[in-house]
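Visitor: Sharing a structure, written as structure tokens. Questions coming.
Residue numbers (the numbering used here), protein chains in the order written: chain S, 1 to 351; chain Y, 1001 to 1186.
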């Protein structure tokens, strides 16, 4: 697998409201009628799903450009690399037979086969772009749904393995960077309030993952009893409000606590340009204030999008792929510090 | 973690929850029962499948000891005729086995659906047959009408109004000339 080619989406320009919104994503979960759901399916069922999807993708004008990646044949390192790039889910990262990924040429849409459901299809774009993302995934869903007989009921909608996804089978999510709300200690209130509005908050790698680097993934909790458009619209409203809060928090910080914020940013810069050993969690912690500094013009040569790419590049599997070999934690921490020094100073420093 | 006690009772804590309070990471420790209370929507996420199985087995046992009714037994023995998954297995993993499970466990699943979603009826899009031509639209209208009748029967007027609008969008003007409707305008 050509991993550099897989991640070429980073060449795309930064999306709208990139200072707060990292990316927008909509995912549809679908199963095929009369085939056991993946957790209960036997090998024949799983193979049948793969064959059906493969046949469909090959014969479709819309999907023929999608690249087929056999996840079951990937090494652990390759699978982790794809998860770190947010191309596959942590669920698909787990080893298992007949797991396949179809990736579109722009690297913004993908179809995951035999994840928790037979199909998990998503579209992901940089910045706040909910409507185009929904439109794009619906187009793919329509192509798939015309040829595959989806498990669907009039009453319950698209039938999913876990009833928490039934109905629309849709999860719309937005990854936000909220250092202002974290520094002003308002994040707790917002996180607490979101479930009451039908939203849920997840960490950097989705369900059950940690909140790293002030990144928060906000998505709809409820998938039944609302239309896809209503779900996206309510999420959009919530996101707009959070962006407004974050912007005021940042303004207040720079107005009233400028020395404190600047110190945080420049200390982070100091460590990133000088450190010789850097753990992944520390990198997240230090890159967050830099991302905040980019918006305020402290780092004119960097965009938010560049920084988001850098965060992905310093993840363990990405470092190992760049080194061309599997390495231990200590070697990775040294390689991470070196990569960050190079990224910020422009010099390939080895001393 | 084994030395920690549940913050709500004296039992040993088996679950740790991490929350962000005032920008600080705060850990909460709970026993299995209070963990579920603390985060009911996160029940699946908070507990591993094995732990969840033990928890439910424990709950079933204690219930059986005290007030086991026939309905508990029926629920536990219920099996999907298509894939053979038992309701008990579903509750252990929160994963259904196939599309027929929704019918087989309908009576009890409705509760779960309400807990997750606050409702148990779909009103989003439907898979479209082949191309979106006239025949497809007619079929869709027929399907929507069936759902409308069900919604009226269930007195779910909000959904009924949405379905009525969808039917109007898809129907030719002739089809909406008779505005006699059982749906109150809201």
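Glycine included, every Cβ here is placed at the ideal spot set by N, Cα and C.
Quick caveat, the model's predicted, so the values are computed rather than measured.
#1: Chain S partners of residue 1004 (chain Y), CB-CB under 7 Å?
#2: May I ask you to report which of helix, strand or coil DSSP gives residue 220 (chain S)?
#3: Kindly list the residues whose CB is nearer than 6 Å to the CB of residue 204 (chain S), restricted to its own chain and excluding five residues on each side of it in sequence; keep chain order.
#4: Taking 9 Å as the CB-CB limit, is residue 1032 (chain Y) close to chain S?
#5: Closest Cβ-Cβ distance between residue 1095 (chain Y) and chain S: below 9 Å?
#6: Would DSSP call residue 1006 (chain Y) helix, strand or coil?
#7: Should residue 1127 (chain Y) and residue 145 (chain S) be called a contact, given that it needs their Cβ atoms to be closer than 9 Å?
#8: Residues in its own chain within less than 8 Å of residue 1151 (chain Y) by CB, not counting five upstream and five downstream?
#9: Alpha carbons only, please: which of S:315, S:152, S:235 and S:243 is nearest the one belonging to residue 177 (chain S)?
#10: Got a sec? Which residues, its chain only, sit under 6 Å from residue 150 (chain S) by beta carbon, not counting five neighbours each side?
#11: Give the interface partners of residue 142 (chain S) over in chain Y, defined as CB-CB distance under 7 Å, in chain order.
#12: Using a Cβ-Cβ cutoff of less than 6 Å, which residues in the same chain neighbour residue 218 (chain S) once the five nearest sequence positions on both sides are dropped?
#13: Comparing alpha-carbon positions, which option in S:126, S:245, S:170 and S:256 lies nearest residue 181 (chain S)?
#14: At 9 Å on the CB atoms, spell out the chain C contacts of residue 1148 (chain Y), in chain order.
#15: Give the DSSP bridge partners of residue 171 (chain S), in chain order.
#16: From the DSSP output, in three-state form, read off residue 1094 (chain Y) for me.
#17: According to DSSP, residue 113 (chain S) sits in a beta bridge with which residue or residues?
#18: Run through DSSP, which three-state label would residue 124 (chain S) get?
#19: Starting from residue 153 (chain S), find everything on chain Y with Cβ-Cβ shorter than 9 Å and list it in chain order.
#20: Between the C-alpha atoms of residue 169 (chain S) and residue 317 (chain S), what's the straight-line distance to the nearest angstrom?
#21: Please report whether the beta-carbon of residue 224 (chain S) lies at a distance below 9 Å from any beta-carbon of chain Y.
#22: Can you tell me whether residue 1016 (chain Y) is helix, strand or coil according to DSSP?
#23: Across the region 331-338 of chain S and the region 290-310 of chain S, are there enough close Cβ pairs to call them in contact, namely three or more that are closer than 8 Å?
#24: Mapping DSSP to helix, strand and coil, what is residue 20 (chain S)?
#25: Could you tell me the distance, in whole angstroms, from the CA atom of residue 300 (chain S) to the CA atom of residue 294 (chain S)?
#26: Enumerate in chain order the residues of its own chain whose CB-to-CB distance from residue 1147 (chain Y) is below 7 Å, with the five nearest sequence positions on each side excluded.
#27: What whole-angstrom Cβ distance do residue 1078 (chain Y) and residue 163 (chain S) have, given they're in contact under 8 Å?
#28: Name, in chain order, the residues that DSSP records as bridge partners for residue 332 (chain S).
#29: Could you give the DSSP three-state label for residue 260 (chain S): helix, strand or coil?
#30: Put residue 305 (chain S) into one of helix, strand or coil per three-state DSSP.
#31: With 16 as the cutoff for other CB atoms within 10 Å, does residue 1032 (chain Y) come out buried or exposed?
#32: Give every residue of the same chain whose Cβ lies closer than 6 Å to the Cβ of residue 7 (chain S), excluding the five residues on either side of it in the sequence, and list them in chain order.
#33: When DSSP labels each residue in this structure, what does residue 49 (chain S) get in the three-state scheme?
#34: Would you report the Cα separation of residue 1102 (chain Y) and residue 41 (chain S), rounded to the nearest angstrom?
#35: Examine chain S for any beta-carbon lying closer than 9 Å to the beta-carbon of residue 1059 (chain Y), and answer yes or no.
#36: For residue 1133 (chain Y) and chain S, any beta-carbon pair shorter than 9 Å?
Guide: Reading off the structure:
#1: Chain order gives no chain S residues near residue 1004 (chain Y), where near means a beta carbon separation below 7 Å; the closest approach is about 20 Å.
#2: In this structure, residue 220 (chain S) counts as strand in the three-state DSSP scheme.
#3: In the same chain as residue 204 (chain S), and ignoring 5 residues on each side of it, the C-beta atoms closer than 6 Å to its own belong to 212 and 215, in chain order.
#4: Between residue 1032 (chain Y) and chain S, the shortest Cβ-Cβ separation is not below 9 Å.
#5: For residue 1095 (chain Y), the closest Cβ of chain S is nearer than 9 Å.
#6: DSSP places residue 1006 (chain Y) in coil when its eight states are reduced to three.
#7: With respect to the 9 Å criterion, residue 1127 (chain Y) and residue 145 (chain S) are classified as neighbours on the basis of their beta carbons.
#8: Hits under 8 Å: 1121, 1157, 1159, 1160 and 1163.
#9: The residue among S:315, S:152, S:235 and S:243 with its C-alpha nearest the C-alpha of residue 177 (chain S) is S:243.
#10: Closer than 6 Å at the Cβ level, and outside the excluded window around residue 150 (chain S), lie 30.
#11: By Cβ distance, chain Y contributes 1128.
#12: Non-local beta-carbon contacts of residue 218 (chain S) in its own chain, meaning distances under 6 Å to residues more than five positions away in sequence, involve 174, 199 and 201 in chain order.
#13: Scanning S:126, S:245, S:170 and S:256 for the CA closest to the CA of residue 181 (chain S) turns up S:245.
#14: In the structure shown, chain C does not exist; the protein chains are S and Y.
#15: Beta-bridge pairing links residue 171 (chain S) to S:27.
#16: Reduced to three states, the DSSP call for residue 1094 (chain Y) is coil.
#17: Answer is S:100 and S:119.
#18: Strand at residue 124 (chain S).
#19: Residues of chain Y passing the Cβ test: 1099, 1102, 1103 and 1122.
#20: Each residue's Cα considered, the two are about 31 Å apart.
#21: Closer than 9 Å to some Cβ of chain Y, the Cβ of residue 224 (chain S) qualifies, so yes.
#22: Three-state result, residue 1016 (chain Y): strand.
#23: Taking a contact to require three or more Cβ pairs closer than 8 Å, the region 331-338 of chain S and the region 290-310 of chain S do not qualify as touching.
#24: Here residue 20 (chain S) sits in coil by DSSP.
#25: Going from the Cα of residue 300 (chain S) to the Cα of residue 294 (chain S) covers about 7 Å.
#26: 1163, listed in sequence order.
#27: Between residue 1078 (chain Y) and residue 163 (chain S) the beta-carbon gap is near 15 Å, outside 8 Å, which marks them as no contact.
#28: In the DSSP assignment, residue 332 (chain S) forms no beta bridge with any residue.
#29: Residue state, collapsed to three classes: helix.
#30: Residue state for residue 305 (chain S) is assigned as helix, using DSSP reduced to three classes.
#31: Of the other Cβ atoms in all chains shown, 16 or more fall within 10 Å of the Cβ of residue 1032 (chain Y); this residue is therefore buried.
#32: For residue 7 (chain S), where only same-chain residues beyond five positions count, the Cβ hits under 6 Å are 85.
#33: In this structure, residue 49 (chain S) counts as helix in the three-state DSSP scheme.
#34: Roughly 16 Å separates the two Cα atoms.
#35: Bear in mind that the predicted position of residue 1059 (chain Y) carries a pLDDT of just 49, short of 50, making it too unreliable to give a figure here.
#36: Caution is warranted here: a pLDDT of 47 is assigned to residue 1133 (chain Y), below 50, making its placement in the model unreliable, and the coordinate value is therefore given only provisionally. Not one chain S Cβ lies under 9 Å of residue 1133 (chain Y).
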